[in-house]
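This note's numbering numbers the first residue of the sequence shown as 4 and each following residue consecutively.
From the three backbone atoms N, C-alpha and C, an ideal C-beta is built for every residue, glycine too.
Everything numeric in this text was worked out from a predicted model, so none of it was measured.
Input: a single structure, listed below in structure tokens.
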Amino acid sequence: MAVNPYFDEILDRRGTASSKWEKYAGQDVIPMWVADMDFPAPAEVTEALATRISHPIYGYTVVPDSLTSVTLNRFAERYHWSLTEEDLEWIPGIVPAINQAIRGLVRPGGAVVTATPVYHPFLQAPGHMGRQLMTLPMTADDDWQFPLRAFEQSAETYPEIDLLLLCHPMNPVGRTIDETMLAAIVEICVTHDIVIISDEIHSEIVFDGRMHTPLATLSERAAQQSLTFHAASKTFNLAGLGCAVVIAQNPHLMARFKAAGAGIMANVNTLGYVATEAAWSSCEYWHQQLLAYLTDNRNFLVERVEAIQGVSMTPPEATYLAWLNIEALDIKDPEAFFRAAGVGLSPGSQFMGEGYVRLNFGCPRALLEQGLDRFETACLGRWQT
Ligand SMILES: Cc1ncc(COP(=O)(O)O)c(C=O)c1O
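This is how it looks when you write it as structure tokens:
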């Protein structure tokens, strides 16, 4: 197991108004819920922020040209994805952009479809915008595969479906989606005129040498049928800086997306641009070290979970989130149960996954070990009663 003093160090986040840690302020609870990591951002990011902060005027900011070229180069190099400045729209967050997209791309009375379990704002956004939500359950038995047949049947049966929300890779189940499946999804969407939102925020945290394929790079049809949401925030731990990007190569979809946010969607903040540019231009070495560390954390977690009676999991292929099956323990309120045992987890019900909890392993190994000790003790106690 690789030792890395940088990622091993436990930094005290109390007093930084961290959502993750404030939730359990004053309690002896290790927070392993929301998807940010307990690692410091790369030094290059911190230095770029310090340089910008040293100029003490923080007025309205346009998208820096340098960020645009870093972004276009990055997509070209990593994914052979040829984009132009007009294909990019910078936004302060993917969650508001999901809501905006639904507003602009789904008819009033129309429906949004998504595969579950899934990141909970996917489930909430259609209701916020007065649109219908249709869900397609995935199962562990089917190895959390995207439910293609069910999707096709829904697309044939319900012409009101205007939009597919795709989590690629998938939070919380930690699955990647391969090119064959992506192509089949695109085919159904083109046939039934369903726009795809491919949320690729977790796409740079994929393990075991896998390569992410952005859905839009599969074919011209895929590019024309979709919007991609991307950000540096998960990979480089910048979620509090509020910066993400929407990519749409179809100018009509881009225009409808932008129109739906007019007067509502805020600009990206000055520091979000700076941090994203630094992360995407000079931190690939850091990203590789992070992947090595997270891979070890994942393997450690899988080994530990194998030894816990009543708990099982499929090793994540992507994301620093583990999806743990605790059905056999028959716990009514898993969040409260594990909180009482000193570990803060996300209940599966939040993602439409009853009988599961989600555990964030993006933290120093010692903290992970301590969290797992508490988790194991709590599960053992439950198993024996
Ligand atoms: C799939 C997915 N999309 C979006 C987000 C959050 O994006 P943002 O912070 O830009 O709103 C998350 C955070 O966990 C996520 O898992």
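Asked, Found
"When you compare each of Gly113, Asn302 and Phe378 to Leu332 by their alpha carbons, which one comes out closest?", "Phe378"
"Around the C-beta of Ile94, are 16 or more other C-beta atoms found within 10 angstroms, so that it is buried, or is it exposed?", "buried"
"Does the Cβ of Arg368 have 16 or more other Cβ atoms within 10 Å, making it buried, or fewer, making it exposed?", "buried"
"Please identify the residue among Asp68, Tyr359 and Tyr296 whose C-alpha is closest to the C-alpha of Pro8.", "Tyr296"
"Quick check: the Cα distance between Phe42 and Gln227, rounded to an integer number of angstroms?", "37 Å"
"Measuring alpha carbon to alpha carbon, tell me which residue in Pro175, Ala225 and Thr220 is nearest Thr194.", "Ala225"
"For Ala153, which residues of its own chain have a beta-carbon under 6 Å away from its beta-carbon, when the five flanking residues on both sides are left out?", "Leu139"
"Within the same chain, show all residues whose beta-carbon is closer than 8 Å to that of Met132, passing over the 5 residues directly before and after it, in chain order.", "Asn102, Ile105, Arg106 and Val109"
"Applying the criterion that 16 or more other CB atoms from any shown protein chain within 10 Å of the CB defines a buried residue, is Gly351 buried or exposed?", "buried"
"Should His233 be listed as close to ligand 1, given that the test is whether its C-beta is under 7 Å from any heavy atom?", "no"
"Compute the beta-carbon to beta-carbon distance between Leu230 and Ile200, rounded to the nearest angstrom, for a pair I have assumed lies under 8 Å.", "5 Å"
"Would you list the one or two residues that DSSP bridges to Thr220?", "Answer is none; Thr220 lacks a bridge partner."
"The beta strand (DSSP E) spanning Cys170 covers which residue range?", "Ile164 to Cys170"
"Anyone know if the C-beta pair for Pro175 and Leu375 falls short of 8 Å?", "no"
"Pick helix, strand or coil for Trp3, following the three-state DSSP scheme.", "In the structure displayed, the chain extends from 4 to 388; residue 3 sits before or after that span and is not available."
"Taking Trp326 as the reference, give the member of Met355, Leu218 and Ala339 with the closest Cα.", "Met355"
"What number of angstroms, rounded off, separates the C-alpha of Ala310 from the C-alpha of Met257?", "49 Å"
"Return yes when the C-beta of Val249 is under 7 Å from any heavy atom of ligand 1, and no when it is not.", "no"
"Is it the case that the Cβ atoms of Leu370 and Ile13 are separated by a distance below 8 Å?", "yes"
"Return the CA-CA distance between Gln353 and Ala265, expressed in angstroms with no decimal places.", "30 Å"
"Would you check whether ligand 1 has a heavy atom nearer than 7 Å to the C-beta of Asp144?", "no"
"Given a cut-off of 8 Å, decide if Thr322 and Thr64 are closer than it, judged by their beta-carbon atoms.", "no"
"Okay, do the region 49-65 and the region 157-172 touch, 3+ Cβ pairs below 8 Å being the bar?", "no"
"Quick check: the Cα distance between His290 and Gly112, rounded to an integer number of angstroms?", "43 Å"
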